[in-house]
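Step one of this worksheet: look at the structure below.
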């Protein structure tokens, strides 16, 4: 079974621009979560989607948004980028049945200059 | 109440030693506690996980000990190897989200 895939793997953007990151979950998984990882803050939860519905959201400004498609693929968007948005953005998927195991993708390294 | 406190921040052991990483939580509604291993440039990989109705779980060289009354859980790595050198994260599952500890950077000396 293929793992969680994320594209692109690396991205360099300028302050004020916007960016869209993509995540394809493990086949059969319907839950997708997004996390921001930085050296100072660790792994911070952004939001979780299940069957195209956002079920939970972390404490991030409204510039961070996401969506999930009917095939469970998910995208997250960050508008008006700030230098502090530079981070590794990780996507994780789970089946959300009785098994809670969550599996991470390799991440997208975003650098804002 | 949503925090998971992890210690130590870093750990150095000799090959064959048994590093122990500890985590503590407050929210009794957490219902699943995984540990992840992360190598530089990679996403976290699920190592082992436990539910609160179990006090210990072993998978290969990795063991989780869980103390529900103390709201603490720990990861033990038996016969540690240099290849185990990585950052380890504990986590706790809440309502449709996971809360992560701050990570422990483990170095196993050859």
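Chains as they are written, first to last, in our numbering: chain A, 88 to 200; chain B, 17 to 126.
From the three backbone atoms N, C-alpha and C, an ideal C-beta is built for every residue, glycine too.
Straight through space, the alpha carbons of residue 91 (chain A) and residue 161 (chain A) are spaced by roughly 11 angstroms. Out of B:66, B:26 and B:92, the CA that lies nearest to the CA of residue 84 (chain B) is found in B:66. Under the three-state reduction of DSSP, residue 117 (chain B) is assigned to coil, being neither helix nor strand.
For the stretch 182-196 of chain A, the set of positions with a beta-carbon nearer than 7 angstroms to some beta-carbon of chain B reads 187, 188, 189, 190, 191, 192, 193 and 194 in chain order. Residues are counted here when their Cβ sits less than 9 angstroms from a Cβ of chain B; for the stretch 109-135 of chain A these are 118, 120, 122, 124, 128, 129, 130, 131, 132, 134 and 135, given in chain order. Distance check between residue 150 (chain A) and each of A:106, A:197, A:183 and A:112 places A:106 closest, using alpha-carbon atoms only. Under the DSSP assignment, residue 116 (chain A) falls outside any beta strand (DSSP E); it carries neither an H nor an E label. The alpha carbon of residue 190 (chain A) has as its nearest neighbour, out of A:100, A:102, A:111 and A:103, the alpha carbon of A:111.
Just so you know, the alpha carbons of residue 93 (chain B) and residue 118 (chain B) end up roughly 19 angstroms apart.
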